[in-house]
Each structure stands twice: as C-alpha cells, then as structure tokens.
C-alpha cells in the first residue's frame with residue numbers, strides 16, 4: 001500500500017519540475033548515461049561473445065558440435081583431456097615454452113646494454129643508429145627470410161628446430177631496444193651522475209642504478225617478447241614445418257582442424273588452451289602490459 | 001693539426017669511451033650486420049640469379065624482375081589485396097579504436113569490466129583468434145549465421161566467399177582493437193580538462209568540443225596509429241593464411257602444399273606470395289624480387305614516418 005501511494009505522489013511532482021533547468025540537466029545526464037552504457041554493452045557483446053561461443057562449442061559432444069546449436073546438451077569436459085592426449089600436443093607446449101622462455105631471456109639480456117648506450121651515451125652516429133633500429137623494427141620479416149633460411153638450413157643444418165628463431169634474439173631485437181631506450185630516457189640524469197660521483201663505472205651504474213629503475217620497462221619488453229614468440233606462426237612455419245616434433249602451439253593448432261576434420265568441439269578446446277596462458281599472464285602482469293602499450297605510442 | 005695537440009691522456013680517455021660504447025652496442029651491431037645487413041644484400045644478389053636451392057645459382061640479369069613485374073599471374077592480385085587491406089583495415093581500425101577509446105573515457109559504471117572486455121581479444125594469439133573466427137563465421141553451422149538466420153537474415157559465406165573474405169578479416173582485426181584502444185584512451189585522458197570547460201563557455205556542443213579541442217591534441221597519436229597500422233598491414237600474413245587454409249577445408253599436414261589465397265586468391269597478400277614462391281615453388285630469384293618490392297614500399301612508409309616523426313622519435317634527437 002505504501003509503495004503505491006509513494007509512486008503516485010512522486011509522478012506528478014516530477015512532471016511538474018520539467019521546466020526547471022536543474023531537472024532538465026539531470027534528465028539529460030541520465031539519458032547520456034543510458035546511451036553510453038547501452039553502447040558499451042553492445043560493444044562488450046561484440047568482444048566477449050566469440051569467447052563464449054568458442055567455449056560452449058568446446059564442451060559439446062561430437063554430434064552436437066556438427067550441428068548449428070549454440071547451447072551444449074551435455075558438458076563434455078573430457079574434450080580437454082582428449083586434446084591433451086593428442087599426439088604431439090604436449091610437445092608443442094614444451095616447444096612454445098622453450099621458444100618463448102629462451103627468446104625472452106635472450107632479448108632482455110641483449111636489449112639492456114644496447115638501449116642504455118642509445119639512451120645515455122653521446123657518440124657520433126647515435127642518431128643514425130636510432131634510425132637503423134627503427135627501420136629494422138618496421139621491416140616485414142618476409143623481406144630477409146630467404147637468405148636467412150638458406151644459411152640456417154644449408155650451412156648450419158639447423159632447420160627442423162626452433163634454434164634459428166631463438167639464437168638471433170641474443171643479438172638484439174629492434175622493437176625491444178627501441179621501447180627500453182624510450183623508457184630509460186625517462187630516468188633522471190641525476191641518479192646516473194651521483195652514481196658516477198660515487199666512483200661507479202658504466203657497468204656498475206647500469207647494474208646498480210639503471211636496471212632497478214628500469215624494471216617496469218624491462219617487464220614490458222619481456223612480456224611483449226614472450227607474447228611475440230608464443231604467437232609467432234611465420235617463424236615456426238619457415239624453420240620447423242618439416243619436423244612436427246619441433247612445432248609450437250601456434251603452429252600446431254592449425255593442423256588440429258584437419259586431424260579432427262569435422263569436430264569443431266576439439267578444435268575449439270585446443271583454441272582455448274592456446275589462448276589461456278597469454279590471458280593468464282596478462283591478468284598477473286596487467287599493469288606492466290598496459291604501461292608498455294602506452295609507452296610505444298604516447299611517451300617519448 | 002687539431003688531433004696532434006690533444007694531450008695523450010685525453011686521447012686515451014676518448015678511446016676508452018669509444019670502446020665502451022662499442023662494447024655496450026656490440027650485441028646489436030653483430031645482430032644488425034648478420035641478421036639484417038647480410039640477408040638484405042643476399043636478397044639483392046639472389047634477385048639476379050636463377051636458383052632452385054638444389055643446383056648452383058646462375059646469373060640471369062633482370063629476368064626475375066621482368067617476370068615478377070610483368071608476367072607473374074599472382075603478383076597483381078597479391079599487391080591489390082595488400083593495398084586493399086592497408087587502406088580499408090587501417091582506416092576502420094583507427095576509426096573504431098578512436099570510437100572505443102572515446103566510449104571508455106565516458107563510461108562511469110563498470111569501467112574496469114568494460115576495459116578488460118574490450119582489451120581481452122587483442123591478447124588472443126592470431127592463429128587461435130583466426131581459428132575461432134573461421135568457426136564462428138562458417139557458413140554451414142557457424143553461430144553467426146545461425147543467429148542471423150533466427151532473425152530472418154540469410155548470412156553470407158564469409159571466409160568462403162571471395163567478396164566477403166577480406167571484410168571478414170577486417171572484422172577479425174576490429175575484434176583485436178585493444179592496443180589502439182589503450183593508446184587512444186591514454187591520449188584522450190591527456191587532453192587538458194580546462195580546454196573543454198573553456199569550449200563549453202564558448203557554447204561549443206559535443207561535436208564542436210571534439211573538433212576544436214580533442215582532435216588537435218590527439219592528431220599525433222592518430223598519425224602514429226595510421227603509420228604503424230600501415231607497416232603492420234604490409235606484413236599481414238598469419239590471419240589471411242590460416243583463414244584461407246581452414247576455410248578451404250583442405251587437409252593440412254607436414255609436406256602438403258596448399259596454394260594460399262582461398263577463395264579465388266581473395267586473401268593472398270604479398271608476404272604470402274613470397275612464402276609460396278620461395279618455399280613451395282623454390283623459385284628463389286622471383287621470391288627475392290617480391291621481397292625487395294615489399295622492402296621498397298615498407299621503406300617508403302618508414303621514411304614518411306621519420307619525416308612526420310609521428311611521436312616515434314623524441315624532439316631532441
């Protein structure tokens with residue numbers, strides 16, 4: 001009873017104040033809020049629904065996965081077990097971790113001294129060196145792949161493995177050098193000066209002052225490189241295609257569809273298993289990641 | 001004259017500084033010459049050779065160049081597709097990324113949820129995202145056409161239709177807009193609030209505020225997004241190749257050779273052609289010519305970038 005009287009009293013009161021500018025502003029703000037949030041919801045559907053459909057299909061049974069139905073009749077979690085039992089799948093995991101792990105380690109170790117020199121040393125050709133770093137960063141990998149492949153395959157006999165992709169990372173990756181150098185520029189010069197006054201050489205300064213202060217930048221390039229290696233398809237295709245024992249997850253995933261021809265459910269389960277590590281790493285390192293993305297575009 | 005007057009101690013100090021610089025730069029100096037300088041020169045060398053990776057290379061002058069530029073049947077479609085993607089994909093990504101960035105700065109409730117939801121697809125590995133989209137858009141039983149059918153729309157064949165394959169790839173790239181969203185969001189939050197208030201006092205509406213306050217302050221970031229987008233799309237490879245292969249339904253396995261570009265060469269890009277000619281047809285000379293064509297176009301874009309700076313190089317450099 002009380003509620004009805006309350007609403008009944010409120011409605012005429014509201015219509016009575018529509019002429020009032022404050023109420024009109026409030027109504028405008030409300031409409032604006034509704035417009036913005038319904039747009040956001042629509043956008044969220046576009047971004048999230050693909051994950052949802054992939055997940056729902058990944059737990060369907062074989063028959064249902066061939067139909068156009070969207071909701072699973074039964075939840076077949078065993079599909080994930082089947083994926084893990086697929087010959088090679090665990091090897092691909094191991095290879096992906098090896099490629100991404102070693103690749104990241106090598107990249108970080110080689111990028112630190114180079115970006116420090118490019119950020120802080122004054123020397124002739126500094127600007128040219130920066131221009132060359134940026135040029136290599138912009139270069140499509142397909143431009144130089146043929147002679148590189150010939151060297152690795154014919155002279156060093158390393159094709160059929162991931163080493164032709166990992167070894168070069170010990171010799172500087174342009175993108176990481178560029179990013180870390182931009183970050184090191186933001187470290188105040190005074191810290192470096194005072195460490196010099198304390199009698200530290202360049203190497204000591206780098207180890208004791210620069211690396212601790214550049215941790216967020218180092219974390220960002222490590223993450224980016226890890227994701228780059230994890231996602232790389234072209235590299236493993238060139239060097240590891242002929243040897244399935246050397247495939248990575250990103251490369252092997254594609255063969256899943258043909259091995260299980262019509263069974264979208266297993267392919268979707270494998271797809272989610274390839275996405276999962278990247279997304280888990282992201283949630284643990286969100287801050288470093290977003291910082292890295294903005295660093296490429298905004299700072300500098 | 002000048003050098004002889006420098007005291008030996010000072011000269012020693014200079015030499016030490018030079019050696020120190022060289023030492024710090026050495027990983028990159030080696031990497032740059034071995035993994036960039038050498039292969040680039042070798043690519044030029046092979047572009048004048050006939051070489052099938054079995055017999056010794058033999059000099060053929062400009063024959064490879066003439067073949068690629070005037071006779072190779074797939075060069076035209078590949079170049080056209082690459083340019084189509086560069087124009088359409090980059091333009092739509094920048095517009096969409098800016099729109100999503102604007103939207104996220106206006107969200108008051110649940111901003112954290114929306115930011116994560118919008119960003120997550122960017123993290124999906126390209127192969128996984130492509131496999132997912134080939135499933136979502138498959139014309140027979142894909143969820144997208146099921147839903148379209150339920151509301152009475154006869155959905156297209158997406159990755160299986162030459163006219164829809166590239167737009168489907170564009171949709172996939174819009175799904176992964178997270179990187180641009182974050183960059184634009186940061187740029188939009190950097191616009192000074194007082195300028196909006198001043199514009200409001202001058203009676204500017206929503207469009208006026210965007211046109212005269214927001215736009216001028218974010219143009220460097222927009223330019224940056226355009227140029228890096230062009231550079232990335234020039235390399236467009238994985239998604240197009242995987243989508244074409246999976247949609248074609250041909251069995252894939254080690255040793256099987258599949259011509260890229262299904263359906264009807266509509267997804268064939270220049271980088272895929274380099275791979276196909278060099279690693280499937282073993283025509284090293286022609287593949288190197290294609291590489292160099294790609295190199296020249298990429299360099300032209302990079303030079304433009306250097307001139308405009310586009311926020312990449314700090315002003316003091």
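Chains as they are written, first to last, in full-length UniProt numbering: chain A, 1 to 300; chain B, 1 to 317.
Cβ atoms here follow ideal geometry from the backbone N, Cα and C, with glycine treated the same way.
Computed from a predicted model, the values in this text were never measured in an experiment.
**Study point:** C-alpha distance - residue 79(A) paired with residue 234(A), whole-angstrom precision
**Key:** For the purposes of this step, residue 79(A) is taken as residue 79 along the first chain, with counting starting at 1. For the purposes of this step, residue 234(A) is taken as residue 234 along the first chain, with counting starting at 1. Using only the alpha carbons, I get a separation of about 28 Å.
Review point. Using 8 Å as the limit for Cβ to Cβ distance, is residue 254(A) near chain E?
Key: The structure shown has no chain E; the protein chains it does contain are A and B.
**Study point:** Touch test, the region 157-170 of chain B against the region 258-270 of chain B, Cβ-Cβ under 8 Å, three pairs minimum
**Key:** Touching, yes.
Check your understanding: Using a Cβ cut-off of 7 Å, which residues of the region 269-289 of chain A contact any Cβ in chain B, in chain order?
Key -> Listed by position, the residues of the region 269-289 of chain A near chain B (Cβ gap below 7 Å) are 271, 274, 275, 278, 279 and 282.
Exercise for review: Please determine, among 75(A), 64(A) and 142(A), the residue with the shortest C-alpha to C-alpha distance to residue 298(B).
Suggested key: Against the second chain, residue 298(B) aligns to sequence position 298. Check the Cα spacing between residue 298(B) and each of 75(A), 64(A) and 142(A): the tightest is with 142(A).
Check your understanding: Any idea what DSSP makes of residue 32(B), helix, strand or coil?
Key -> Within the second chain, residue 32(B) is the residue found at index 32, counting from 1. Here residue 32(B) sits in helix by DSSP.
Review point. Does residue 193(A) come within less than 8 Å of chain B when only Cβ atoms are used?
Key: Against the first chain, residue 193(A) aligns to sequence position 193. No, residue 193(A) does not count as interfacial toward chain B.
Review point. With which residues is residue 184(A) paired in a DSSP beta bridge?
Key: Here residue 184(A) refers to the residue found at position 184 when the first chain is read from its first residue. Residue 184(A) is not bridged to any residue.
Exercise for review: State yes or no: is the C-beta of residue 217(A) within less than 8 Å of the C-beta of residue 171(A)?
Suggested key: For the purposes of this step, residue 217(A) is taken as the residue at position 217 of the first chain. For the purposes of this step, residue 171(A) is taken as the residue at position 171 of the first chain. For residue 217(A) and residue 171(A), no; Cβs fall outside 8 Å.
Review point. Alpha carbon to alpha carbon, what distance is there between residue 280(A) and residue 124(B)?
Key: Start at 1 with the first residue of the second chain, and residue 124(B) comes out as number 124. Start at 1 with the first residue of the first chain, and residue 280(A) comes out as number 280. In a straight line, the C-alpha of residue 124(B) is about 11 Å away from that of residue 280(A).
Review point. What three-state label does DSSP hand residue 72(B) in the structure shown?
Key: Your numbering for residue 72(B) matches position 72 in the second chain. Coil, per DSSP.
Review point. Short check: CB of residue 89(B) to CB of residue 168(B), under 8 Å?
Key: Along the second chain, read from residue 1 onward, the residue named residue 89(B) stands at position 89. Along the second chain, read from residue 1 onward, the residue named residue 168(B) stands at position 168. Between residue 89(B) and residue 168(B), the gap from beta carbon to beta carbon reaches 8 Å or more.
Exercise for review: Could you tell me which of 293(B), 278(B), 288(B) and 273(B) sits nearest to residue 73(B), measuring between CA atoms?
Suggested key: Here residue 73(B) is taken as the residue at index 73 of the second chain, counted from 1. The shortest C-alpha separation from residue 73(B) is found at 273(B).
Review point. Going along chain A, which residues have a C-beta under 7 Å from residue 267(B)?
Key: The sequence position of residue 267(B) within the second chain is 267, counting from 1. Ordered by position in chain A, no residue passes the 7 Å Cβ test against residue 267(B), which lies about 15 Å from the chain.
Point to revise | Residues near residue 82(B) in its chain [Cβ-Cβ closer than 6 Å; skip 5 each side] | key: By one-based count along the second chain, residue 82(B) stands at place 82. Taken in chain order, the residues that qualify are 269 and 270.
Check your understanding: Is the number of C-beta pairs between the region 15-29 of chain B and the region 114-127 of chain A that are closer than 8 Å three or more?
Key -> Touching, yes, given that three or more Cβ pairs across the two stretches are closer than 8 Å.
Review point. Taking C-alpha atoms, which residue in 177(A), 50(A), 98(A) and 156(A) lies nearest to residue 118(B)?
Key: On the second chain, position 118 is the one that residue 118(B) refers to. Residue 50(A) is the option with its Cα nearest to residue 118(B).
Check your understanding: Less than 8 Å separating the beta-carbons of residue 53(A) and residue 143(B)?
Key -> As a first step, residue 53(A) is located in the first chain; it is residue number 53 there, counting from the start. As a first step, residue 143(B) is located in the second chain; it is residue number 143 there, counting from the start. Against a cut-off of 8 Å, the Cβ pair of residue 143(B) and residue 53(A) comes out as a contact.
Point to revise | Residues of the region 194-218 of chain A with Cβ closer than 7 Å to any Cβ of chain B, in chain order | key: Those residues of the region 194-218 of chain A that come within reach of chain B (Cβ to Cβ, closer than 7 Å) are 202.
Review point. Just reading off the alpha helix (DSSP H) that residue 37(A) is part of, what are its end residues?
Key: For this step, residue 37(A) is matched to residue 37 along the first chain. Per DSSP, residue 37(A) belongs to the alpha helix (DSSP H) from 21-58.
Exercise for review: Could you work out which residues of chain A lie near residue 197(B), taking near to mean beta carbons separated by less than 8 Å?
Suggested key: Translated into the one-based positions of the second chain, residue 197(B) becomes position 197. The contacting residues do not exist; residue 197(B) stays about 16 Å from chain A at best.
Review point. Just how far apart, CA to CA, sit residue 126(A) and residue 248(A)?
Key: Counting from one through the first chain, the residue named residue 126(A) turns up at place 126. Counting from one through the first chain, the residue named residue 248(A) turns up at place 248. The alpha-carbon atoms of residue 126(A) and residue 248(A) are separated by roughly 38 Å.
**Study point:** Run of the alpha helix (DSSP H) containing residue 169(A), from where it starts to where it stops
**Key:** Looking up residue 169(A) in the first chain gives position 169. Per DSSP, residue 169(A) lies in no alpha helix (DSSP H) and is assigned neither H nor E.
Review point. On the three-state DSSP scale, how would you describe residue 58(B)?
Key: Here residue 58(B) refers to the residue found at position 58 when the second chain is read from its first residue. DSSP places residue 58(B) in strand when its eight states are reduced to three.
Exercise for review: Taking only beta carbons into account, state which residues of the region 58-79 of chain B come closer than 9 Å to chain A, listed in chain order.
Suggested key: For the region 58-79 of chain B, which is checked against every Cβ of chain A, not one residue is closer than 9 Å.
Point to revise | Counted within 10 angstroms of its Cβ, other Cβ atoms place residue 12(A) as buried (16 or more) or exposed | key: Translated into positions along the first chain, residue 12(A) becomes position 12. For residue 12(A), the predicted model reports a pLDDT of 45, less than 50, meaning its position is unreliable; a value from the coordinates is still stated below. Classification of residue 12(A): exposed, given that the 10 Å Cβ count is below 16.
Review point. Taking all protein chains shown into account, do 16 or more other C-beta atoms lie within 10 angstroms of the C-beta of residue 113(B), making it buried, or fewer, making it exposed?
Key: Reading the second chain from its first residue, position 113 is the one you call residue 113(B). Burial call: exposed.
**Study point:** Inter-residue Cα distance where the pair is residue 42(B) and residue 95(B)
**Key:** For the purposes of this step, residue 42(B) is identified with residue 42 of the second chain, where counting begins at 1. For the purposes of this step, residue 95(B) is identified with residue 95 of the second chain, where counting begins at 1. Whole-angstrom Cα-Cα distance: 40 Å.
Check your understanding: From the beta carbon of residue 216(B), is the nearest beta carbon of chain A less than 8 Å away?
Key -> Reading the second chain from its first residue, position 216 is the one you call residue 216(B). Judged by the 8 Å Cβ criterion, residue 216(B) is not in contact with chain A.
Check your understanding: On the three-state DSSP scale, how would you describe residue 50(B)?
Key -> Residue 50(B) sits at position 50 when you count from the first residue of the second chain. Three-state DSSP puts residue 50(B) in a strand.
Check your understanding: Hey, does residue 186(A) have any beta-carbon neighbour from chain B nearer than 8 Å?
Key -> One-based indexing of the first chain puts residue 186(A) at position 186. Chain B, which has no Cβ nearer than 8 Å to the Cβ of residue 186(A), makes this no.
Review point. Can you give the Cα-Cα distance for residue 180(A) and residue 285(B), rounded to whole angstroms?
Key: Here residue 180(A) corresponds to residue number 180 of the first chain, with the count starting at 1. Here residue 285(B) corresponds to residue number 285 of the second chain, with the count starting at 1. Residue 180(A) and residue 285(B): Cα-Cα distance of roughly 38 Å.
**Study point:** Interface flag, residue 231(A) vs chain B, CB-CB below 8 Å
**Key:** The sequence position of residue 231(A) within the first chain is 231, counting from 1. Residue-level contact by beta carbon holds for residue 231(A) and chain B, with a gap shorter than 8 Å.
Practice item. Report yes or no: is there a C-beta of chain A within less than 8 Å of the C-beta of residue 16(B)? Key: Taking the first residue of the second chain as 1, we reach residue 16(B) at position 16. It does not; no Cβ of chain A falls within 8 Å.
Exercise for review: Determine, using beta carbons only, whether residue 82(B) comes closer than 8 Å to chain A.
Suggested key: If you number the second chain from 1, residue 82(B) lands on position 82. For residue 82(B), the nearest beta carbon of chain A is not closer than 8 Å to its own beta carbon.
Exercise for review: Out of 96(A), 201(A), 165(A) and 74(A), point me to the one whose CA is closest to residue 17(B)'s CA.
Suggested key: Counted from its first residue, the second chain places residue 17(B) at position 17. The shortest Cα separation from residue 17(B) among 96(A), 201(A), 165(A) and 74(A) belongs to 201(A).
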